[in-house]
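Counting in the working numbering, the sequence shown runs from 709 upward without gaps. Below you'll find the structure, written out as structure tokens, and then a few comments.
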Amino acid sequence: MLIGYARVSTDDQHLALQHDSLQKAGCEKVFSDQQSGVATERPGLTSLFESLRPGDTLVIWRLDRLGRSLKHLIQLVEQLDQRKVGLKSLQENIDTTTSGGRLVFHLFGALAEFERTLIRERTQAGVNAARARGRQGGRPKLLETNKRDLAIRLHRERQHSIAEICTMMGISKSTLYNYLAESSIDAISKA
């Protein structure tokens, strides 16, 4: 059975073009969503996946109507493949029920993986170069070392509550707890 899925991002866009194309392609049912592709909860897509059976083919107008990103699209196609459901994109002329369509889609997947690897390598190279120049990553400390030590000492003396120490130092509870944890780790490593 051919089952269609249509999606538009905003309320002022219309589903008519996609619906017409999906019906012309022979879809017996069409599910749709009228929200951004980055939305994690899409009721139409959820209902669609619940209705799919082995041997069905999901038909979409364009690939970007289904997935949030290439990575997400590949994950969805893998889910479809595990359920023995094909995918057909009308605009890109991709049909995973054919060997040629599967090849094209796997090439997309390989290119996406290659891109992710390159991004990871460039990021790591940038971090290493910054460290070599003496830069440390992460967010800068809110308090200078002497004020951090004072906050830790106030906590250890147990004469002030956590809230009082945070108010005096102008920091949040989570920041104080982070400083306390760091001082414990430093004390253990020096021992």
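We put the CB at the ideal spot given by N, CA and C, even for glycine.
Let's see if you can read the secondary structure: which residues bound the beta strand (DSSP E) around residue i?
i    : result
Q742 : K737 to Q742
K796 : G794 to S797
T875 : No beta strand (DSSP E) contains T875, which is instead part of the alpha helix (DSSP H) from I870 to M877.
L766 : T765 to I768
Are residue i and residue j closer than 8 Å when you measure CB to CB?
i    : j    : result
R715 : R773 : yes
L730 : G712 : yes
L710 : A733 : yes
A820 : K779 : yes
P762 : K792 : yes
I873 : H863 : yes
V785 : F813 : yes
A837 : G845 : no
K881 : I893 : no
Label residue i either buried or exposed according to how many other C-beta atoms from any shown protein chain fall within 10 Å of its C-beta, with 16 as the threshold for buried.
i    : result
Q726 : buried
D803 : buried
I768 : buried
L826 : exposed
L781 : buried
D764 : buried
Excluding sequence positions up to five away, which residues of its chain have a Cβ less than 8 Å from the Cβ of residue i?
i    : result
R770 : S797, L798, Q799 and E800
L788 : L760, L766, G794, L795 and T804
Kindly list the residues whose CB is nearer than 7 Å to the CB of residue i, restricted to its own chain and excluding five residues on each side of it in sequence; keep chain order.
i    : result
Y887 : R856, A859 and I860
R810 : T804
R847 : none
T883 : L850
Can you give me the start and stop residues for the alpha helix (DSSP H) that residue i sits inside?
i    : result
R714 : Per the sequence presented here, residue 714 reads as Ala, with Arg not at that position. Premise fails: A714 lies in the beta strand (DSSP E), L710 to V716, not in any alpha helix (DSSP H).
L730 : A724 to K732
G752 : P751 to S759
Leaving out five residues on either side along the sequence, give the residues of the same chain with a beta carbon under 6 Å from the beta carbon of residue i.
i    : result
F739 : Y713, G752, S755 and L756
S717 : S744
M877 : A859
R750 : D741
Y885 : none
Whole alpha helix (DSSP H) elements within the stretch 778 to 859, 4-residue minimum: 778 to 790 and 807 to 840
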